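Note that the protein sequences, when read in sequence, are chains A and B. Going by the working numbering, the residue at position 330 of the first sequence is 330; the numbering climbs one at a time, nothing skipped. Going by the working numbering, the residue at position 88 of the second sequence is 88; the numbering climbs one at a time, nothing skipped. Where is the CB? At the ideal position from N, CA and C, for every residue including glycine. Keep in mind the model is a prediction, meaning the values are calculated, not measured. Only one structure is covered here, and it is reproduced in the block below.
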Amino acid sequence: MTRRVAVTGTGVICSIGSTTAEFWAGCQRGTSNVAPIPERWLDYADYKSRIWSPLPDIDYADRDLSRIEQLQLDPVSMLALCASQEALLNAGLSLTIKDKRANSYTIDGIDPERAGVFMGTGLGGSQSFLDSHCHLVLARSREKLGAVADRDDLEPDARKTISDIVGRMIHPPRVHRFVVSMTMPNAVAAMLGLKYTINGPVVANCGACASGTVAIGNAFREVKSGTVDVALTGGAESFYDPYGYHFRCFDVAGTLVQNWDPPGQANRPFDQARSGFLFSQGGAGVIVLEELQRALDRGAPILAEIVGYGETFDAHSIMSLDPKGVQIERMIRAAISEAGLDPGDIQYINAHGTGTRNNDPIEAEVLKRVFGTAPLVNSTKSLLGHTIGASGALEAIVTALTINTGTPHVCRNLDVPVSDINFVRSPRPADIAVGFTESFAFGGHNAGLVLRRVDA
Amino acid sequence: MNGALNREEIERRVVSVACEVLVLPEGTVNVKVDSIKELAEDSLDQMRLYMALEDEFGGTIQEEQLESIETFKDVVDYIVSMDQNSPVT
């Protein structure tokens with residue numbers, strides 16, 4: 001008998017909300033959080049883009065992360081841990097403390113050997129890597145330069161120049177004792193496995209902007225095949241650093257949104273006037289997947305089920321989509337085929353929708369070629385900006401919630417669309433039984449998930 | 001490490017950090033006699049303890065010093081000496 005895979009819980013931290021409820025309320029309002037980049041970053045470069053989408057302040061202690069855990073973890077793992085605990089609790093699962101020193105739990109009613117973790121991230125703990133690297137490179141030079149600035153025989157202009165340089169040589173007080181375990185991309189998945197005592201497969205998926213979707217697709221396959229009964233899956237990313245280094249990396253690649261007045265209208269996926277994607281500080285989206293009958297037996301809340309997954313690779317360019325979208329189309333058709341559906345059954349599409357000049361028309365063309373103009377289409381990146389490794393997971397959560405509530409969010413700032421496909425341009429209820437979400441990535445990765453209402 | 005701390009204050013804060021990291025009830029750490037290796041179960045617990053102490057006192061316990069630290073008294077002695085000698089971090 002074919003095993004079915006239910007979505008029973010979600011957890012979210014992103015620029016418009018630090019819980020699923022806040023996030024979804026923000027989506028319904030068409031909210032976006034757009035701010036000038038931190039002023040300190042302007043000391044280091046002349047950026048082409050000057051806006052980003054920062055995360056809200058997060059009280060990690062209030063999210064069950066001890067001070068010692070906070071000292072020992074990269075923010076990307078902390079974001080994933082916060083979202084995962086919310087997802088487990090929203091799934092109606094309860095936790096029992098296992099080890100007070102480690103602040104770890106067991107999940108009540110779950111066989112640890114029948115559970116897995118599948119988490120995507122683009123760069124993993126890159127902030128920790130950068131911090132410790134800066135200490136190693138700068139600390140001794142900064143101390144020596146600081147001593148020069150203190151000399152009495154310096155001209156005032158020279159003293160000020162040297163003092164300014166010293167002030168910009170930001171670094172933490174030491175190479176962190178745990179930097180290896182903070183930096184490695186698999187730390188995100190491993191921390192979830194440690195926190196919740198999971199002994200099945202614990203897997204990191206690094207597929208840049210498609211990481212979250214690939215992770216959920218792999219989790220879906222493992223629950224469906226019977227390798228595990230329960231999976232924690234999704235994606236996380238954290239791109240803050242004191243210099244604006246992460247921001248600058250995307251800025252020099254020419255991918256970021258250009259300035260616009262007012263800034264809140266700069267991020268324009270699928271609009272003729274789009275200029276790039278809005279850089280997000282990051283976030284996390286985590287989903288609890290369970291074998292459907294198991295979820296039904298325990299009376300779990302069921303938002304939707306995942307019924308198909310497709311994954312292909314362009315083999316075209318490390319940074320650009322194949323303009324013909326051949327492998328995107330093959331990915332879409334593979335996912336729909338696994339679901340046992342036809343393209344005409346898809347009523348809602350959560351597009352990749354970055355807002356870059358190159359990507360949006362290619363994506364719109366492929367969607368029109370496969371689906372025609374009937375399905376509703378939106379871009380969650382029009383609200384959040386681009387959270388890279390978290391984006392696919394956050395968008396899968398939006399797809400599940402859209403099916404569950406029948407209220408697709410608007411595609412924000414869409415005034416003159418690049419295509420006549422059916423973009424959601426104003427809030428309107430819609431009876432949606434089947435939805436599709438897709439992600440593309442630097443490298444050439446394409447991945448997509450088909451979700452369906454359980455009673456459909 | 002951050003100047004002008006008396007030994008009693010350093011001892012109190014070392015005990016507080018040890019209880020936090022090792023999840024021990026207050027009053028179970030005798031700063032004058034207890035061995036770190038007996039209370040910290042493994043090397044990772046010891047690393048966490050040193051990490052938290054560095055955060056608490058704002059300096060760095062040099063790697064070469066770690067080998068000579070066996071008791072909480074050794075830690076306190078080290079912090080007192082660093083406090084007096086303005087450490088290079």
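Practice task
Indicate whether at least one CB of chain A lies closer than 8 Å to the CB of Ile-54 (chain B).
Solution key: Counting from one through the second sequence, the residue named residue 54 (chain B) turns up at place 54. The sequence as given places Glu at residue 54 (chain B); Ile does not occur at that position. The beta carbon of Glu-54 (chain B) falls within 8 Å of a beta carbon belonging to chain A, placing the residue at that interface.
Practice task
Indicate whether Gly-283 (chain A) and Val-34 (chain A) have their beta-carbon atoms separated by less than 8 Å.
Solution key: Locating residue 283 (chain A) in the first sequence gives position 283, counting from the first residue. Locating residue 34 (chain A) in the first sequence gives position 34, counting from the first residue. Result no, Cβ atoms of Gly-283 (chain A) and Val-34 (chain A) do not sit closer than 8 Å.
Practice task
Inspect the CB distances between the region 127-135 of chain A and the region 234-249 of chain A and report whether three or more fall short of 8 Å.
Solution key: yes
Handout entry: Beta carbon proximity, Lys-98 (chain A) to chain B, threshold 8 Å
Key = Locating residue 98 (chain A) in the first sequence gives position 98, where the first residue counts as 1. So, not an interface residue.
Exercise for the section: Give every residue of the same chain whose Cβ lies closer than 8 Å to the Cβ of Val-370 (chain A), excluding the five residues on either side of it in the sequence, and list them in chain order. Expected result: Here the question's residue 370 (chain A) lines up with position 370 in the first sequence. Result list for Val-370 (chain A): Glu-329, Ile-332, Arg-333, Pro-343, in chain order.
Handout entry: Buried or exposed (CB count within 10 angstroms, at least 16 for buried), Val-33 (chain B)
Key = As a working mapping, residue 33 (chain B) is identified with position 33 in the second sequence. Taking all protein chains shown into account, Val-33 (chain B) has fewer than 16 neighbouring C-beta atoms within 10 Å of its C-beta and is therefore exposed.
Exercise for the section: Would you check if there are 3 or more beta carbon pairs closer than 8 Å linking the region 343-356 of chain A to the region 170-181 of chain A? Expected result: Cβ pair count under 8 Å is below three, so no.
Practice task
Would you mind reading off the limits of the alpha helix (DSSP H) that contains Gln-119 (chain A)?
Solution key: In the first sequence, residue 119 (chain A) corresponds to position 119, counting from 1. Reading off the sequence shown, one finds Met at residue 119 (chain A), where the question assumed Gln. No alpha helix (DSSP H) contains Met-119 (chain A), which is instead part of the beta strand (DSSP E) from 115-120.
Exercise for the section: Report the residue from A:Thr-183, A:Trp-24, A:Val-148, A:Thr-19 whose alpha carbon sits nearest the alpha carbon of Pro-75 (chain A). Expected result: Taking the first residue of the first sequence as position 1, residue 75 (chain A) is located at position 75. When only C-alpha atoms are compared, the closest one is A:Thr-183.
Handout entry: Positions along the region 12-24 of chain B whose CB lies within less than 8 Å of some CB in chain A
Key = Glu-20, Val-21, Leu-22, Val-23
Problem - Beta-carbon gap between Thr-380 (chain A) and Glu-395 (chain A) smaller than 8 Å - result: As a working note, residue 380 (chain A) is residue 380 in the first sequence. As a working note, residue 395 (chain A) is residue 395 in the first sequence. Yes, Cβ-Cβ distance for Thr-380 (chain A) and Glu-395 (chain A) is below 8 Å.
Problem - Identity of the residue in A:Ser-132, A:Gly-226, A:Asp-153, A:Arg-140 nearest Glu-291 (chain A) by Cα - result: Here residue 291 (chain A) refers to the residue found at position 291 when the first sequence is read from its first residue. Comparing Cα-Cα distances from Glu-291 (chain A) to each of A:Ser-132, A:Gly-226, A:Asp-153, A:Arg-140, the minimum goes to A:Gly-226.
Exercise for the section: Just the chain A side, please: which residues come within less than 8 Å of Tyr-50 (chain B) by C-beta, in chain order? Expected result: Locating residue 50 (chain B) in the second sequence gives position 50, counting from the first residue. Those are Arg-177, listed as they occur along chain A.
Problem - Host beta strand (DSSP E) of Asp-251 (chain A) (start-end) - result: Indexing the first sequence from 1 puts residue 251 (chain A) at position 251. Here Asp-251 (chain A) belongs to no beta strand (DSSP E); instead the alpha helix (DSSP H) covers 245-252.
Problem - Test: Arg-453 (chain A) CB closer than 8 Å to a CB of chain B - result: Locating residue 453 (chain A) in the first sequence gives position 453, where the first residue counts as 1. So no, Arg-453 (chain A) is outside the interface.
Handout entry: Beta-carbon proximity of Val-454 (chain A) to Ala-87 (chain A), cut-off 8 Å
Key = Working through the first sequence from its first residue, we reach residue 454 (chain A) at position 454. Working through the first sequence from its first residue, we reach residue 87 (chain A) at position 87. No, Cβ-Cβ distance for Val-454 (chain A) and Ala-87 (chain A) is not below 8 Å.
Problem - CA nearest to the CA of Lys-368 (chain A), picked from A:Ala-304, A:Ile-403, A:Phe-423, A:Ile-318 - result: Locating residue 368 (chain A) in the first sequence gives position 368, where the first residue counts as 1. Among A:Ala-304, A:Ile-403, A:Phe-423, A:Ile-318, the Cα nearest to that of Lys-368 (chain A) is on A:Phe-423.
Handout entry: Same chain, Cβ closer than 8 Å to Gln-28 (chain A), five either side skipped, listed in chain order
Key = Here residue 28 (chain A) refers to the residue found at position 28 of the first sequence. Once the five neighbours on either side are set aside, the close Cβ partners of Gln-28 (chain A) are Thr-407, His-409, Pro-427.
Problem - Exposure label - His-445 (chain A); buried when at least 16 CB within 10 Å - result: Translated into positions along the first sequence, residue 445 (chain A) becomes position 445. It counts as buried.
Handout entry: Contacts that Met-82 (chain B) makes with chain A (C-beta to C-beta distance below 7 Å)
Key = Within the second sequence, the letter at position 82 stands for residue 82 (chain B). Within chain A, no residue comes near Met-82 (chain B); the closest Cβ sits about 13 Å away, beyond 7 Å.
Handout entry: DSSP three-state assignment for Ser-104 (chain A), whether helix, strand or coil
Key = Locating residue 104 (chain A) in the first sequence gives position 104, counting from the first residue. Three-state result, Ser-104 (chain A): strand.
Handout entry: Per-residue DSSP class, three states only, for Pro-458 (chain A)
Key = No information on residue 458 (chain A) is available, as it lies outside the stretch 1 to 456 that chain A covers here.
Exercise for the section: Pick out whichever of A:Asn-218, A:Ser-84, A:His-171 has its Cα sitting closest to the Cα of Gly-9 (chain A). Expected result: The residue labelled residue 9 (chain A) in the question sits at position 9 within the first sequence. Looking at the Cα atoms, A:Ser-84 is the closest of the given residues.
Practice task
Can you grab the Cα-Cα spacing for the pair Ser-81 (chain B) / Thr-60 (chain B), in whole Å?
Solution key: On the second sequence, residue 81 (chain B) is found 81 positions in, with the first residue counted as 1. On the second sequence, residue 60 (chain B) is found 60 positions in, with the first residue counted as 1. Whole-angstrom Cα-Cα distance: 12 Å.
Problem - Three-state secondary structure (DSSP) of Leu-93 (chain A) - result: Locating residue 93 (chain A) in the first sequence gives position 93, counting from the first residue. Coil.
Problem - Contacting residues, own chain, Cβ-Cβ under 6 Å from Val-307 (chain A) (five flanking each side not counted) - result: In the first sequence, residue 307 (chain A) corresponds to position 307, counting from 1. The answer, listed in chain order, is Ala-339, Val-450, Arg-452.
Handout entry: chain A contact for Thr-60 (chain B) (CB, 8 Å cutoff)
Key = Counting from one through the second sequence, the residue named residue 60 (chain B) turns up at place 60. With 8 Å as the cut-off, Thr-60 (chain B) counts as an interface residue toward chain A.
Practice task
Take the Cβ of Asp-164 (chain A) as the centre, count every other Cβ of all protein chains shown within 10 Å, and call the residue buried at 16 or more, exposed below.
Solution key: Taking the first sequence and counting its residues from 1, one reaches residue 164 (chain A) at position 164. Its Cβ having fewer than 16 others within 10 Å, Asp-164 (chain A) is exposed.
Handout entry: First and last residue of the uninterrupted beta strand (DSSP E) at Asn-205 (chain A)
Key = Position 205 of the first sequence holds residue 205 (chain A). First-last of the beta strand (DSSP E) with Asn-205 (chain A): 202-205.
Exercise for the section: Quick one: using the 10 Å Cβ neighbour count with 16 as the cut-off for buried, is Thr-255 (chain A) buried or exposed? Expected result: Numbered from 1 along the first sequence, position 255 holds the residue referred to as residue 255 (chain A). Per the 10 Å Cβ criterion, buried.
Exercise for the section: Out of A:Ser-49, A:Ala-390, A:Pro-38, A:Ala-25, point me to the one whose CA is closest to Phe-277 (chain A)'s CA. Expected result: Here residue 277 (chain A) is taken as the residue at index 277 of the first sequence, counted from 1. For the residues A:Ser-49, A:Ala-390, A:Pro-38, A:Ala-25, the minimum Cα distance to Phe-277 (chain A) belongs to A:Ser-49.
Exercise for the section: Compute the Euclidean distance between the alpha carbons of Asp-77 (chain B) and Ser-68 (chain B), then round it to the nearest angstrom. Expected result: Residue 77 (chain B) sits at position 77 when you count from the first residue of the second sequence. Residue 68 (chain B) sits at position 68 when you count from the first residue of the second sequence. Those two C-alpha atoms are separated by around 11 Å.
Practice task
Could you tell me whether the region 22-29 of chain B touches the region 242-253 of chain A, using the rule of 3 or more Cβ pairs below 8 Å?
Solution key: no
Problem - Close beta carbons around Ala-400 (chain A), own chain, < 6 Å, minus the five adjacent residues each side - result: Taking the first sequence and counting its residues from 1, one reaches residue 400 (chain A) at position 400. Result list for Ala-400 (chain A): Val-7, Leu-303, Ala-304, Leu-451, in chain order.
Handout entry: Element boundaries [beta strand (DSSP E), containing Ala-457 (chain A)]
Key = This structure leaves residue 457 (chain A) out entirely; chain A is present only between 1 and 456.
Handout entry: Close beta carbons around Val-88 (chain B), own chain, < 7 Å, minus the five adjacent residues each side
Key = Your numbering for residue 88 (chain B) matches position 88 in the second sequence. Low confidence applies here, because Val-88 (chain B) scores a pLDDT of 38, under 50, leaving its location unreliable; read the following figure in that light. So no residue of the chain qualifies.
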